[in-house]
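Here the protein sequences come in this chain order: A and B. Just so you know, we're using this note's numbering here: the first sequence kicks off at 136 and counts up by one. Just so you know, we're using this note's numbering here: the second sequence kicks off at 18 and counts up by one. Idealized CB from N, CA, C, for every residue including glycine. Everything numeric in this text was worked out from a predicted model, so none of it was measured.
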Amino acid sequence: MTVLTSHLKLLEAESIHIFREAAAQFRTPVLLYSIGKDSTVLLHLARKAFWPAKLPFPLLHVNTTWKFRDMIAFRDRTVSEMGLDLISHTNHDGLARNINPFDQPPSVYTDIMKTQALRQALDAGGFDAAFGGARRDEEASRAKERVFSFRAGGHTWDPRLQRPEMWQLLNGRLGKDETVRVFPLSNWTEADVWRYITLENLDVVPLYFAKERPTVERDGQILMVDDERMPLIPGEVPQMRKIRFRTLGCYPLTAAIESEATDLDAVVAETLGARVSERAGRLIDHDQDGAMEMKKREGYF
Amino acid sequence: MNLAVLSENPSLQAEVQSKTTSEGMVRLLTCGSVDDGKSTLIGRLLWDAAGVTEDQRAAVMHASHARAVNGERIDFSLLLDGLVAEREQGITIDIAWRYFETERRRFVIIDSPGHEQYTRNMATGASHADVAILLVDARHGVKRQTRRHAAICNLVGIKKVLLAVNKMDQTDWSMERYRAIEADFRALAGNFEFDEITAIPVAALTGANVVARSVEMPWYEGPTLLHYLESVDPKTQAEDAPFRMPVQLVLRAANDFRGYAGTVTSGTIRVGDRVVDARSGLGATLQRISTMSGDLESASGGDAVTLVLDTDLDISRGAVLSETQRRPVNADVIEARLVWLSETPFDPEAGYLLRTATDLSPVTSMSVSAQVDFETLASTKAHDCGMNDIADCRILLGRSTSLDLFGDLPLTGNFVLVNAIDGATVAGGVITWVQKGAAAVDDNVLVLDRSRLSGLCADLGNSREDKAEYERRAQEVAILLRSAGVPVLIETD
């Protein structure tokens with residue numbers, strides 16, 4: 136397997152630089168921790184940026200209550216092992232209205248349980264900056280975003296009015312009501328994330344590795360039956376398939392791939408040879424044309 | 018053209034992968050006037066060099082049929098233009114970042130908009146690039162916007178330029194046409210400091226000379242676009258460049274750990290070397306280079322590290338640690354060339370801040386002396402500048418800061434100009450001349466010092482935190498006074 140690694144050092148240094156600039160320029164930053172591989176790398180780089188000092192900001196997890204059980208277990212273990220300060224937020228209003236990924240269209244569910252929940256949590260914490268693990272290679276509208284991505288009051292993003300960002304200079308001076316999303320992994324690709332996890336020997340959620348798991352097939356996509364809340368069609372019986380996930384989110388909205396990759400090397404090899412993009416497995420992105428951009432304009436990460 | 022022919026070409030991929038490995042990363046900018054085919058060229062490059070996944074291919078083919086802008090052909094620009102407004106209008110508004118790698122190296126492609134109104138986005142893209150691919154439509158030749166983009170590439174420090182003469186299929190693959198445009202461009206490039214100019218005739222739509230060698234232009238014997246990109250040497254700094262590390266943060270931890278965190282912008286430092294804080298002139302010996310993966314013996318340009326010194330220099334964010342011999346200038350008067358990015362034109366009465374590597378200094382006064390004329394590329398006398406203009410200016414700072422000339426050390430010689438009221442980045446510039454201790458103070462300048470601010474800062478003592486707070490308050494007062502037209506100088510202790 137040929138892997139390029141010399142650029143990982145450059146990417147790591149760039150990300151550390153971004154973390155330090157943001158910590159120096161913003162009053163109350165927070166790190167959006169969504170438990171997946173990108174968050175794992177994000178957290179690792181944050182610790183490197185401030186080591187041996189402690190992280191100068193808390194972690195925030197927006198919990199829709201529909202994450203894979205393995206994800207929550209991994210989150211709790213990580214937080215306790217590293218002695219981190221974690222805020223977990225759920226949109227309780229949405230929960231009370233029984234908003235869920237089965238009864239509502241993905242766009243409605245995502246708006247209420249993720250976008251609105253995130254805005255609630257950011258407002259409640261008075262955070263002026265939030266780090267996120269988004270990468271520009273993920274999706275076309277993300278490819279357009281700055282490292283310091285400014286949001287007007289109400290967390291809205293106007294892609295036509297992005298602040299110029301020249302050289303290594305990051306200007307974090309805020310205007311009235313403005314907040315910022317900070318993306319230290321902007322220039323990383325999916326393959327870089329996996330190479331770096333391998334290089335640094337980082338622990339990730341076991342769902343990234345292939346294993347026999349109970350599944351059903353819906354509209355050509357394989358979904359894992361993670362708990363008893365998954366409604367089955369009359370007569371439908373979950374099938375055991377050897378699957379893994381390229382990206383992790385809410386289990387009813389995250390498609391699995393059939394795979395034999397049971398360790399990091401195999402995952403890296405599979406990623407480098409992949410013929411479809413990573414977000415093909417994210418059901419929320421295909422809901423409508425320009426779906427991700429619409430969500431971002433409204434304040435989604 | 019038949020879709021099946023375009024969709025997959027195994028021989029091209031085999032050619033790409035047969036190359037020997039040379040590790041590294043090259044950051045490319047594509048620029049040029051609107052409709053010269055930048056997004057299409059890069060889309061084509063990604064398509065042919067295997068940077069496109071199956072679902073992206075399917076989506077682009079589907080959308081191409083729906084829009085049919087190129088008749089039966091695939092619209093490669095759809096791979097880059099990711100915003101809804103861009104797809105609707107068929108133009109590029111903001112830069113798009115794309116990543117792909119061949120066996121030889123890793124590429125970061127920055128596709129920039131050609132429209133004049135989005136020049137500021139192009140400038141953002143250019144500042145991150147090692148190499149610029151400047152496109153020219155073979156039918157129209159060099160345009161005003163081509164010259165503006167070349168001037169911005171030059172300003173931000175790009176040294177290597179590839180002139181891609183595109184749409185050769187529209188000019189009957191004419192060698193004369195290509196040679197004339199190349200000569201035209203080489204003549205105008207005499208105004209700039211490019212080290213290396215390479216010209217290639219291409220047709221993005223058919224793929225001629227992008228990845229595959231063109232059969233229509235046997236008279237051209239130079240490299241294809243991909244060959245050029247795989248062999249070009251990205252900018253590298255001289256090995257013996259003087260050491261600089263702008264301090265981002267002071268990190269404190271258990272066991273009295275105290276380190277200066279930052280990214281080395283140039284040169285190399287080793288444990289045991291002497292370093293100085295350029296502003297105070299105080300020196301210390303480097304005791305440790307600390308990282309989470311273990312201590313290092315040395316650190317060089319690009320490394321993000323934490324330096325532990327043997328004595329406390331009492332410095333904070335904004336200071337520049339330097340080698341003892343070749344130090345930055347502690348400047349309070351600078352001359353610079355900048356590109357204006359804001360829709361609001363330069364206003365000599367407005368409050369501005371100068372953001373350099375890690376420092377933010379109040380601007381006491383600023384004046385424009387000249388502008389670049391994009392027809393002739395000559396500097397002409399001017400006193401104002403507005404969006405997309407390139408201007409020469411003189412800036413007086415409210416307090417001195419450590420700076421280098423951009424031509425010597427780009428990362429400690431560049432800056433952005435910030436509107437003090439709304440925080441907007443209004444210009445990006447490079448330092449061409451500096452002066453220290455210029456005593457910018459004359460009778461009209463109000464000096465803000467401890468005694469003048471004694472009421473406002475009565476609650477502040479001499480601790481590190483209080484000094485920082487004093488400086489913050491002084492700066493805010495200075496901003497208010499300057500926006501009311503009062504020239505101000507801040508005196509720090």
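| Asked | Found |
| --- | --- |
| Within 8 angstroms, strictly: CB atoms of F285/A and R298/A | yes |
| Other residues of its chain near Y343/A: CB distance less than 7 angstroms, five sequence neighbours each side excluded | K172, R379, F380, V402 |
| Buried/exposed call for S174/A, threshold 16 Cβ in 10 Å | buried |
| Helix, strand or coil at L383/A [DSSP, three-state] | coil |
| Those residues which DSSP pairs with A316/B across a bridge | I286/B |
| Interface flag, V115/B vs chain A, CB-CB below 8 angstroms | Note that residue 115/B is Arg in the sequence shown, not Val. True, the Cβ-Cβ gap to chain A drops below 8 angstroms. |
| Residues from the region 270-299 of chain A in contact with chain B, defined by Cβ distance under 7 angstroms | R271, D272, A275, S276, A278, K279, P294, R295, Q297, R298, P299 |
| Cutoff 8 angstroms; reference L305/A; Cβ partners in own chain excluding five residues on either side | I153, E156, A157, Q160, V282, F283 |
| When V182/B, A475/B, L370/B are compared against H157/B, the one with the closest alpha-carbon | V182/B |
| Cβ-based contacts, 9 angstroms cut-off: residues of the region 320-349 of chain A near chain B | S321, N322, W323, T324, A326, D327, E335 |
| DSSP-derived helix/strand/coil call for E352/A | strand |
| Interface flag, M185/B vs chain A, CB-CB below 8 angstroms | no |
| Any C-beta of chain A under 8 angstroms from that of M42/B | yes |
| Those runs of the beta strand (DSSP E) which lie wholly inside the region 269-338 of chain A and span at least 3 residues | 283-286, 314-317 |
| C-beta atoms of L355/B and C410/B nearer than 8 angstroms | yes |
| Distance, I150/B Cα to P240/B Cα | 14 angstroms |
| Contact with chain A by E89/B, beta-carbon distance below 8 angstroms | Because the pLDDT of E89/B is 49, which lies under 50, any placement of that residue in the model is unreliable, and the number read from its coordinates should be weighed accordingly. Answer no: the Cβ-Cβ gap between E89/B and chain A never drops below 8 angstroms. |
| N-terminal and C-terminal residue of the beta strand (DSSP E) that Q452/B is part of | 442-453 |
| CB contact check: L428/B to chain A, cutoff 8 angstroms | yes |
| One or two residues paired with Q374/A in a DSSP bridge | T350/A |
| I127/B - DSSP class collapsed to helix/strand/coil | strand |
| Simplified DSSP state of V86/B, which is helix, strand or coil | Caution applies to V86/B, whose pLDDT of 48 falls short of 50 and renders its modelled position unreliable; the model cannot decide the point. |
| Buried versus exposed, by CB contacts within 10 Å (16 or more), Q492/B | buried |
| Same chain, Cβ closer than 8 angstroms to M42/B, neighbours up to 5 away in sequence not counted | R122, R123, F124, V125, P251 |
| Inter-residue Cα distance where the pair is T389/A and L358/A | 7 angstroms |
| Whole beta strand (DSSP E) elements within the region 177-230 of chain B, 3-residue minimum | 177-183, 213-218 |
| Among A278/A, D338/A, P387/A, the one whose alpha carbon lies nearest that of D209/A | Correcting the residue identity first, residue 209/A is Phe in this sequence and not Asp. Looking at the Cα atoms, D338/A is the closest of the given residues. |
| Burial state of L296/A (16 or more Cβ within 10 Å) | exposed |
| CB of G445/B within 8 angstroms of CB of L358/B, strictly | yes |
| Contact set for M365/A: own chain, Cβ-Cβ below 7 angstroms, skip 5 residues either direction | P387 |
| Collapsed DSSP secondary structure at A456/B in the structure displayed | At A456/B the pLDDT is 49, less than 50, meaning the model places this residue with poor confidence and gives no usable figure here. |
| Positions along the region 251-275 of chain B whose CB lies within less than 9 angstroms of some CB in chain A | Q265, L266, L268, R269, A270, A271, N272, F274 |
| Chain A residues whose Cβ lies nearer than 9 angstroms to that of S471/B | Neighbours of S471/B on chain A: none; closest Cβ ~27 angstroms, over 9 angstroms. |
| Extent of the continuous beta strand (DSSP E) to which L190/A belongs | Unbroken run through L190/A: none, as it is neither H nor E. |
| Local Cβ density within 10 Å of F237/A, reported as buried at 16 or more and exposed below that | exposed |
| Reduced DSSP category for T406/A - H, G, I as helix; E, B as strand; rest coil | helix |
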